[in-house]
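Below is one structure; the comments refer to it alone.
In this note's numbering, the protein residues as written are 13 to 96.
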């Protein structure tokens, strides 16, 4: 049905497509998932925020003021008082 050259080109094309497919799968297996990268970025931002809050509280203590802390018991009592 096909000539000899056509069969060779189809064979070459099939081998090329298989090589590209396996190469792409290998490449994707070596990459870090997006959620890991995003989680690492969020953890770094969280850590920086915690350090900034601690530094601000230390500065408030050094200035002689009492830093405000969010306490769940105080918040619950305040919410109950507002509900009444």
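Note that beta-carbon positions come from the ideal geometry of N, C-alpha and C, so glycine has one too. Everything numeric in this text was worked out from a predicted model, so none of it was measured.
Taking the alpha-carbon positions, what's the residue i to residue j distance?
| i | j | result |
| --- | --- | --- |
| residue 56 | residue 64 | 12 Å |
| residue 22 | residue 37 | 22 Å |
Kindly indicate which three-state DSSP category residue i falls into: helix, strand or coil?
| i | result |
| --- | --- |
| residue 43 | coil |
| residue 75 | coil |
| residue 23 | helix |
| residue 80 | coil |
| residue 15 | coil |
Can a CB atom of chain B be found closer than 7 Å to the CB of residue i?
| i | result |
| --- | --- |
| residue 50 | Absent from the structure is chain B; it holds one protein chain and no more. |
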